[in-house]
Amino acid sequence: MTEPTRKRSHSRAHDLVSSLTQQILLGTFQAGDRLPSENTLVREHGVSRTVVREALSKLQASGLVEPRHGIGTFVIERQTQAGLRVGAENAASVRELLELRIGLEGQAAALAAVRRSDDHLARMRQALDDYQDLAAAGDSCIEADRRFHLLIAEATGNLYFSEMMGQLGNGLIPRNRLALAERSGARLARQAYLANLEHEAILNAIRRQDPDAARAAICLHLSNSRDRLVPD
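Next up, the structure:
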């Protein structure tokens, strides 16, 4: 295999790992689920069997899946890292978590603006459309919100961003951990409306491939979220 061919194979395996990791983090594939067969992955992603096997090997090394001889590859329960304990049980921890996210997601948004694909943009657009529809109906839009932020991490092309965001778990969208009284009625509707405007600014910057604007937009969004959730 020539050097350019090896590089293309590695890149395709990386893309497949990124796609499958994102689906696991988003819950499309949950613990105990069997991943699509090698033949299915080859057909759906347009890659070789060698690329599929390399990607599955990387997922296994990451502790996301395990092969079962003669049956297939299964998603396994993720073990919480002892060194990373994330909680958002009260106002102080929510504020601290959002401070962490400002740094992490600011860089992620900047990289996503440079590296995003049309497919990333389409899925981000769908997440925000779902968010808006759910908010308008008065339903919880937490899943769509979380999906949008995870898609930004995926668009960086750097698996560590997706891994770090996945480690935040439910704390990624901390308002679902606050008291019900703080998440109801007109106040929640107003927060959802403002957050949606900020999400659109982030997406527009990523679409324009403007890393500085993307970083500024997501930092403003997370700073505003902190102030809305934990006012001084």
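Each step along the sequence shown adds one to the number in the UniProt record's numbering, with nothing skipped, and position 101 is 101.
Note that beta-carbon positions come from the ideal geometry of N, C-alpha and C, so glycine has one too.
Because the structure is a prediction, the values reported are computed rather than measured.
CB contact flag (residue i, residue j, <8 Å)
i      : j      : result
ARG162 : ALA195 : As written in the sequence, residue 162 is Ser, which differs from the Arg given in the question. No. Outside cutoff.
ARG123 : LEU151 : yes
SER48  : GLY157 : no
GLU198 : LEU229 : no
ALA127 : ALA192 : no
ASP118 : TYR131 : no
Sequence-distant residues of its chain with Cβ nearer than 6 Å to residue i (five each side left out)
i           : result
residue 237 : Any answer about residue 237 is impossible in this case: the structure gives the chain only from 1 up to 232.
ILE71       : none
VAL42       : ARG49, VAL52
HIS120      : ALA155
ARG12       : VAL47, VAL51
From the options, residue whose alpha carbon lies closest to that of residue i
i      : options                        : result
GLY106 : SER223, ASP227, ARG215, ALA113 : ARG215
SER223 : GLY46, ARG101, ARG12           : ARG101
LEU203 : ASP133, GLY166, HIS45, ASP129  : ASP129
LEU26  : GLN209, ARG147, ALA213, GLN167 : ARG147
MET165 : SER117, ILE24, TYR131          : ILE24
Same chain, Cβ closer than 7 Å to residue i, neighbours up to 5 away in sequence not counted
i      : result
GLN30  : VAL75
ALA181 : Low local confidence applies: a pLDDT of 44 at ALA181 is under 50, so the model's placement there is unreliable, with the coordinate-based value given in what follows. Same-chain partners within the cutoff: there are none.
THR5   : With a pLDDT of 48 at THR5, under the threshold of 50, the predicted position of this residue should be treated as unreliable, and no value is reported.
GLY32  : PHE74, VAL75
Distance between beta carbons of residue j and residue i, contact taken as under 8 Å
i      : j      : result
ALA201 : ALA189 : The pair is not a contact, with the Cβ atoms about 20 Å apart (cut-off 8 Å).
ALA153 : ALA113 : Actually they are not in contact, since the Cβ atoms of ALA153 and ALA113 sit about 13 Å apart, beyond 8 Å.
Cutoff 8 Å; reference residue i; Cβ partners in own chain excluding five residues on either side
i      : result
THR73  : ARG34, LEU35, LEU56, LEU59, GLN60, VAL65, GLU66, PRO67
LEU111 : ALA155, THR156, GLY157, ASN158, PHE161, PRO211
GLN209 : ALA113, VAL114, ARG116
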